[in-house]
Amino acid sequence: EPEVTQTPSHQVTQMGQEVILRCVPISNHLYFYWYRQILGQKVEFLVSFYNNEISEKSEIFDDQFSVERPDGSNFTLKIRSTKLEDSAMYFCASMGTSGGMETQYFGPGTRLLVL
Amino acid sequence: QKEVEQNSGPLSVPEGAIASLNCTYSDRGSQSFFWYRQYSGKSPELIMFIYSNGDKEDGRFTAQLNKASQYVSLLIRDSQPSDSATYLCAVNIWRSNQFYFGTGTSLTVIP
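If you're matching them up, the sequences are chains E and D in order.
Under my numbering, the first residue of the first sequence is numbered 94, with each subsequent residue one higher.
Under my numbering, the first residue of the second sequence is numbered 5, with each subsequent residue one higher.
What follows is the structure, encoded as structure tokens:
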């Protein structure tokens, strides 16, 4: 069964450093998403991506964040200058059609720890 | 502000019982509704989605949607200990490529 994959599974970085989180969405899906979940809190939408451009973004997705689809298969989230409060689980998701309805599938996540 | 509200629980039910999980949402433009299961430290796993008023059944799971009351629920019949997890409700707004999640309800099924 096709699945969304993410790398790395864990990332530890120093405050102020740049990190790139990588995702490979399900191959025939057209919509891609990044979410984050701070420990013990709800899943928060960051950004959606369609047709090689950002479709929507939340207030969280400020200038320190960027997304790319560099090669037609990978989908990346870059955090330019990490802050302590960026420590969270970051989930990639892709959306495709199932049972006539578009549905989202999540990757396993990258746990980011900013020290 | 588009809010999705869930009772955080914890909800405890004995094995074999019916677990009932509820979710309300604030935006009347909400189009489709999703239930996810999330085990601790894992990613959300899609259980089922619903977009029409009424009931939708899939195995032991039934989703119920009432758009007039802005309410969606998930029933789990014959609950099993393996159903113990946090259940997340998510909504998608019409013509929006954005999903809003509730905080989740923690369910424990007692053997």
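Even for Gly, the Cβ is constructed at its ideal location relative to N, Cα and C.
Grab me the residues of residue 50(D)'s own chain with a C-beta within less than 7 Å of its C-beta, minus the 5 sequence neighbours each way, in chain order.
Only 38, 40 meet the Cβ criterion.
Own chain, CB closer than 8 Å to residue 104(E), minus 5 neighbours either side, in chain order
These residues qualify, in order along the chain: 112, 114, 203, 204, 205, 206.
Using 10 angstroms around the beta-carbon of residue 48(D), count the other beta-carbons present and answer buried if the total reaches 16, otherwise exposed.
Residue 48(D) should be labelled buried.
Can you find a C-beta in chain E that's less than 8 Å from the C-beta of residue 112(D)?
It does not: the Cβ of residue 112(D) has no partner Cβ on chain E nearer than 8 Å.
State the DSSP-derived secondary structure class of residue 161(E), mapped to helix, strand or coil.
For residue 161(E), the secondary structure class from DSSP, reduced to helix, strand or coil, is strand.
Per-residue burial, residue 163(E) [other beta carbons within 10 Å of its own, 16 or more giving buried]:
Flag for residue 163(E) reads exposed.
What residue range is occupied by the uninterrupted beta strand (DSSP E) comprising residue 98(D)?
From DSSP, residue 98(D) is part of no beta strand (DSSP E); its letter is neither H nor E.
Looking at the secondary structure, which residues open and close the beta strand (DSSP E) in which residue 122(E) lies?
No beta strand (DSSP E) holds residue 122(E); DSSP gives it neither H nor E.
Span of the beta strand (DSSP E) around residue 9(D):
Counting along the chain, the beta strand (DSSP E) containing residue 9(D) begins and ends at 8 to 10.
Neighbour flag for residue 14(D) against chain E, beta carbons, 8 Å
Under the 8 Å criterion on CB atoms, residue 14(D) is classed as non-interfacial with respect to chain E.
Proximity test, Cβ basis, 8 Å: residue 136(E) and chain D:
For residue 136(E), a Cβ of chain D is located within less than 8 Å of the residue's own Cβ.
At least one CB of chain E closer than 8 Å to the CB of residue 102(D): is that the case?
Cβ-Cβ to chain E under 8 Å: yes for residue 102(D).
Quick check for students: name the residue ranges of the beta strand (DSSP E) that lie wholly in the stretch 27 to 61 of chain D, counting only runs of 3 or more.
Runs of the beta strand (DSSP E) inside the stretch 27 to 61 of chain D: 34 to 42, 49 to 54.
Could you give the DSSP three-state label for residue 86(D): helix, strand or coil?
Correct three-state label for residue 86(D): helix.
Can you name the residues that DSSP bridges to residue 146(E)?
Answer is 143(E), bridged to residue 146(E).
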